[in-house]
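Remarks on the structure that follows.
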Amino acid sequence: MAKQHLTDAIVRRLPTPERDKVIYLDDSVVGFGVRCTRGSRSYVLRYTTKTTGKAHTITIGSAQVWRCTDARAETKRLRQLIDRGGDPLADPISLHERITHKFASFAEQGVDPQGYLSRHYGPDGDLLYVGQTMSAWNRSARHVAKANWREFICLIVVEPFATREEALAAEEEAIRSEFPKHNVAHNRSRHPLREMMRLKRRTAQVQGAAK
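Going by our numbering, the letters in the sequence shown line up with residues 99 to 309, in that order.
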């Protein structure tokens, strides 16, 4: 699909499919685009990490909340991190900053989130589980109380979305590209390169502790 210079007016006219999703890319910032799902349009960033070569898609925010110029500026900020070898999804500080910006945008526009995406992390930073819900707090409480991996939960990060459809699309993308350990749907096989890197980090930690 041909790229185009995205503007607020153009984004509002983009068709939303009844099923699946379509991403329309911008012609000025690499990887910047709009993901259209049923009744929903969200700004996204598609990128490939320098360390693993793995492709990811980050949801910047809803087109109902974010202006195109602001979403493009946020994409440029994230691209600087990526170009330096970082990963906005793997780096907790970058992830927290991005989510903080999203909550601030919702508050500025006076919009109440209609969906949330929760990420549960273990003690070594491994992503344990990703799940979307209308009430992130209640669902996270259930995981902490009942999940068979609850003893490993050290951090829960909650990301807001303007619509449930956006949260569902972000959940699917996160499971496919971030490889949470305890999600079955969209993640039936682990990524071997990621597993090798994780094992290498753990081995280095053990060796460092033994010195």
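C-beta: ideal position from N, C-alpha, C; glycine also.
These numbers were taken from a predicted model, which means no experiment stands behind them.
| Under 8 Å between the Cβ atoms of glutamate 257 and leucine 215? | For this step, residue 257 is matched to residue 159 along the sequence shown. For this step, residue 215 is matched to residue 117 along the sequence shown. Yes, they are a contact pair.
| query | Are there three or more Cβ pairs, one per stretch, closer than 8 Å when the region 102 to 110 is compared with the region 142 to 152? | reply | Put simply, the region 102 to 110 does not touch the region 142 to 152. Fewer than three CB pairs are less than 8 Å apart.
| request: With distances taken Cα to Cα, identify the nearest neighbour of aspartate 168 among Arg144, Gly184, Arg196 and Asp185. | output: Mapped onto the sequence shown, residue 168 falls at position 70. For the residues Arg144, Gly184, Arg196 and Asp185, the minimum Cα distance to aspartate 168 belongs to Arg196.
| Looking at C-beta atoms only, is the number of pairs between the region 259 to 271 and the region 197 to 215 that lie closer than 8 Å three or more? | A contact exists between the region 259 to 271 and the region 197 to 215.
| message | Measuring only the C-alpha atoms, how far is proline 115 from glycine 131? | response | On the sequence shown, residue 115 is found 17 positions in, with the first residue counted as 1. On the sequence shown, residue 131 is found 33 positions in, with the first residue counted as 1. It is roughly 16 Å from the alpha-carbon of proline 115 to the alpha-carbon of glycine 131.
| field | Option in Tyr122, Ile121 and Val163 with minimal Cα separation from glutamine 207 | value | Residue mapping note: residue 207 aligns to position 109 of the sequence shown, counting from 1. Minimum Cα-Cα distance from glutamine 207 among the listed residues Tyr122, Ile121 and Val163 corresponds to Val163.
| query | serine 238 to isoleucine 121, Cα distance in whole Å? | reply | Start at 1 with the first residue of the sequence shown, and residue 238 comes out as number 140. Start at 1 with the first residue of the sequence shown, and residue 121 comes out as number 23. The alpha-carbon atoms of serine 238 and isoleucine 121 are separated by roughly 30 Å.
| message | With DSSP as the reference, identify every bridge partner of glutamate 257, one or two as the case may be. | response | Here residue 257 refers to the residue found at position 159 when the sequence shown is read from its first residue. BP columns for glutamate 257 point to Leu215.
| field | glutamine 207 - DSSP class collapsed to helix/strand/coil | value | Taking the first residue of the sequence shown as position 1, residue 207 is located at position 109. Helix at glutamine 207.
| said: Using DSSP's beta-bridge definition, name the partner residues of cysteine 134. | reply: Start at 1 with the first residue of the sequence shown, and residue 134 comes out as number 36. DSSP lists Val120 and Arg139 as partners of cysteine 134.
| DSSP-derived helix/strand/coil call for serine 160 | Within the sequence shown, residue 160 is the residue found at index 62, counting from 1. Taken through DSSP and simplified to helix, strand or coil, serine 160 comes out as strand.
| task | Check the DSSP bridge columns for alanine 153 and list the partner residues they point to. | result | The sequence position of residue 153 within the sequence shown is 55, counting from 1. In the DSSP output, where bridge partners are listed per residue, alanine 153 has Thr146.
| query | Under a Cβ-count criterion, where at least 16 other Cβ atoms within 10 Å of its own Cβ denotes burial, should aspartate 222 be classed as buried or exposed? | reply | Here residue 222 refers to the residue found at position 124 when the sequence shown is read from its first residue. Counting Cβ neighbours within 10 Å, aspartate 222 comes out exposed, since fewer than 16 surround it.
| In angstroms, rounded to a whole number, what distance separates the CA positions of alanine 153 and glycine 137? | Translated into the one-based positions of the sequence shown, residue 153 becomes position 55. Translated into the one-based positions of the sequence shown, residue 137 becomes position 39. One C-alpha to the other measures close to 26 Å.
| request: Go to glutamine 230, then tell me how far its beta strand (DSSP E) extends in each direction, as first and last residue. | output: Start at 1 with the first residue of the sequence shown, and residue 230 comes out as number 132. 225 to 231 is the extent of the beta strand (DSSP E) around glutamine 230.
| Hey, is the region 262 to 281 in contact with the region 222 to 232, meaning 3+ C-beta pairs nearer than 8 Å? | As far as the Cβ criterion goes, the region 262 to 281 touches the region 222 to 232, which means the pair count is three or higher.
| said: Since glutamate 271 and serine 140 should fall inside the 8 Å C-beta cutoff, what is the C-beta to C-beta distance between them, to a whole number of angstroms? | reply: Here residue 271 refers to the residue found at position 173 when the sequence shown is read from its first residue. Here residue 140 refers to the residue found at position 42 when the sequence shown is read from its first residue. With 8 Å as the limit, glutamate 271 and serine 140 do not qualify as a contact, their Cβ atoms being about 10 Å apart.
| task | Just mark threonine 135 as buried or exposed, buried being the case when its beta carbon has 16 or more other beta carbons within 10 Å. | result | Indexing the sequence shown from 1 puts residue 135 at position 37. Buried, by the Cβ-count rule.
| Which value, in whole angstroms, describes the spacing of the CA atoms of isoleucine 251 and arginine 240? | For this step, residue 251 is matched to residue 153 along the sequence shown. For this step, residue 240 is matched to residue 142 along the sequence shown. C-alpha of isoleucine 251 to C-alpha of arginine 240: approximately 12 Å in a straight line.
| said: So, for lysine 200: in the same chain, excluding its five sequence neighbours on each side, which residues have a beta-carbon less than 7 Å away from its beta-carbon? | reply: Mapped onto the sequence shown, residue 200 falls at position 102. Cβ neighbours of lysine 200 within its own chain (closer than 7 Å, five residues either side excluded): Gly159, Glu257 and Pro258.
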